[in-house]
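Novice:
In my numbering, the protein residues as written are 74 to 540.
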């Protein structure tokens, strides 16, 4: 029989549903259902671990990057890099600056709280595998080329890093993690500098490492690398109607991905959309087409029901240990990816000129979500180039299109000016094609490759970035 103290404590602990929703939880006894669950006819459970009694320890919840002094890590990396024999002075300074300042990693992470952990992951990987990673890191660090660095240096680094990836032996899980780190760094570098070859890099890395990685054993850093590679390849597959290499199946409990936030559970739906799109592009059998449309409807129903918090356990600390700004940015990112998936499905079922009102509504919701979040927080949402461009294609009217073009620099990754430039060209051409051919489909656009994914500038003619 519980003591009065234990019983009182049980009455004060909210059930899991009320705790997650921050609702008032009232029940007569620790074993009875609360009023809210009884009213909604839901199971009333309290299976999360209770917090220990007493004041929380000060270091509880701090990340590894907060426990280790930044200055100590900077001194260690700086002193080691200064001794590197195969770097010139400019290259040493470039890497030291890149690995010593959290702000340099603001682009790939969804929240500033992950900058320290991301920097630690970059630094530790380089210390463990200097030769394979050196050129990829130099290419990534020189996205904004310093005045003292030759403007062609990033291309030389990319070519050398691509050669390192081709020759990297993968015979163990540790080799696989190195390959994913190299591929992740190289893919983002190519995406920002050239554009050509991103999907090939992702596809190669995912294929090569898949036999050596188990979802239950990979660390969070490697898992985040995989998520980004899957997303970048999926972007290509959506446009070119191909089947992605890997269907990522997130395993519960879900944490917050440092790059894609709460969006990772949506990636399997995007994979299925790509598979169905590929089948629709290659089949002529009416019965098969009808079956594919039925599958699209089932996926649509699942996505419409999906909530970004439904499968995240409390160990991730979300949303209670996150600031209001972080919660807003994470939820906005998840919502626009959900809406973009619904818009993709709609356009697979209906070409331009058919059911346009539904597409317009989804497009406006995506753009409005991004706009409101940016205005409120004075900061753009991370990794939303895909949802933004999917929504932008639907925009009609000269004034609205001009506004969208002005927004490209904010929502199409800000450290990829070449992609921003060609995205504006891509949108202008697709809009023109839609205006002149009202019943066309942008999946069959003559303006492929999509410049978001395979852009190339005349400056880079003659360089090869393929696996």
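Glycine residues also receive a C-beta, built at the ideal position from the N, C-alpha and C atoms.
1. Taking residue 319 as the reference, which of 406, 501, 342 and 358 has the closest Cα?
2. Reducing DSSP to helix, strand and coil, say where residue 208 ends up.
3. Given a threshold of 16 other Cβ atoms within 10 Å of its Cβ, counted over all protein chains shown, does residue 110 qualify as buried or as exposed?
4. Between residue 212 and residue 187, how many whole angstroms is the CB-CB distance? I'm expecting something under 8 Å.
5. Assuming residue 401 contacts residue 446 under a Cβ cut-off of 8 Å, what Cβ separation, rounded to an integer in Å, is found between them?
6. Could you pull out every residue in the same chain whose Cβ sits closer than 8 Å to the Cβ of residue 141, ignoring the five residues on either side in sequence?
7. So, does the stretch 347-362 touch the stretch 479-495, judging by three or more C-beta pairs under 8 Å?
8. Please state whether DSSP places residue 392 in a helix, a strand or coil.
9. Going residue by residue through the stretch 243-296, where are the continuous alpha helix (DSSP H) segments of at least 4 residues, counting only ones entirely within it?
10. Would DSSP call residue 374 helix, strand or coil?
11. By DSSP's criteria, residue 330 is part of a beta bridge. Which residues make up the other side?
12. Would residue 498 be called buried (16 or more neighbouring beta carbons within 10 Å of its own) or exposed?
13. Quick one: residues in its chain with C-beta nearer than 6 Å to the C-beta of residue 346, no 5 flanking neighbours on either side, listed in chain order?
14. Does the distance from the C-beta atom of residue 234 to that of residue 171 stay below 8 Å?
15. Can the beta-carbon of residue 419 be found less than 8 Å from the beta-carbon of residue 407?
16. How many angstroms separate the CA atom of residue 184 from the CA atom of residue 337?
17. According to DSSP, is residue 184 part of a helix, a strand, or is it coil?
18. The alpha helix (DSSP H) that contains residue 340, what's its start and end?
19. Pick helix, strand or coil for residue 366, following the three-state DSSP scheme.
Specialist: To lay it out plainly:
1. Relative to residue 319, the option among 406, 501, 342 and 358 whose CA is nearest is 342.
2. Here residue 208 carries a helix assignment [DSSP, helix/strand/coil].
3. Buried is the call here.
4. The pair is not a contact, with the Cβ atoms about 22 Å apart (cut-off 8 Å).
5. That pair is a contact at about 6 Å.
6. Interpretation of residue 141 is limited by its pLDDT of 38, a score under 50 that renders its predicted location unreliable; the figure taken from the coordinates is listed afterwards. The residues are 193.
7. Taking one beta carbon from each stretch, the stretch 347-362 and the stretch 479-495 have fewer than 3 pairs nearer than 8 Å; the two do not touch.
8. Note: residue 392 maps to coil in three-state DSSP.
9. Taking only runs of at least 4 residues, the alpha helix (DSSP H) segments lying wholly in the stretch 243-296 are 246-266 and 271-282.
10. In this structure, residue 374 counts as helix in the three-state DSSP scheme.
11. Under DSSP, residue 330 forms a beta bridge with 334.
12. Residue burial is scored here from C-beta neighbours: residue 498 has fewer than 16 other C-beta atoms within 10 angstroms and is therefore classed as exposed.
13. Counting only residues of its own chain and dropping the five nearest sequence neighbours on each side, residue 346 has a CB closer than 6 Å to the CB of 417.
14. No, they are not a contact pair.
15. No.
16. Going by the C-alpha atoms only, they are around 15 Å apart.
17. Note: residue 184 maps to coil in three-state DSSP.
18. Where residue 340 is concerned, the enclosing alpha helix (DSSP H) stretches over 340-355.
19. DSSP places residue 366 in helix when its eight states are reduced to three.
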